[in-house]
Structure formats: structure tokens, C-alpha cells
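**Q**
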Amino acid sequence: MPNGEERTVLIAVGIALLLFWLVFKLIFTAIDRDLANMILNNGLLIAGAVLFFQGTIMRND
Numbered sequence: 002m003p004n005g006e007e008r009t010v011l012i013a014v015g016i017a018l019l020l021f022w023l024v025f026k027l028i029f030t031a032i033d034r035d036l037a038n039m040i041l042n043n044g045l046l047i048a049g050a051v052l053f054f055q056g057t058i059m060r061n062d
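In terms of this note's numbering, the sequence shown is residues 2 to 62.
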């Protein structure tokens, strides 16, 4: 399990990711809804995978 400091960093990254997603969605939906949906879906998939693998690597340390 991640220690307290690593857990705080993961939580902060998660909150920042959610805020970025919200702002990005608001901006790009006003410009082009299809482009926004494509980028957001792929971006969230990649970000989720990165956080998952980062968590597993830290657990092995």
C-alpha cells in the first residue's frame, strides 16, 4: 500500500485530473462536441491506466 505521502500525491493528482477534465469539457464542448467526446474518452482511459500502473508499481516497492 502507498504510504501517507504517496497517497496524498495520488489524491491530489486525481483531483487535479477531475478539475482539468471539467474545464476541458466545458471549453471543447462549446467548440466541437464530437472532438471533445473523442479526446475526453481516450484521455480518461489513458489517465486511468497510468494511475493504475503507477499504483501497482508503488505497491511492489
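Glycine included, each C-beta is placed from N, C-alpha and C at the ideal position.
Helix, strand or coil: which one does DSSP assign to Asn42?
**A** Asn42: helix per DSSP, three-state reduction.
**Q** Give me the Cα-Cα distance between Leu41 and Lys26, rounded to the nearest whole angstrom.
**A** Cα to Cα, the separation comes out at about 7 Å.
**Q** Three-state secondary structure (DSSP) at Asp35?
**A** Helix, per DSSP.
**Q** Below 8 Å on the Cβ atoms is my contact criterion, and I expect Ala48 with Leu18 to pass it. Report the Cβ-Cβ distance as a whole number of Å.
**A** About 6 Å separates the two Cβ atoms, so the contact holds.
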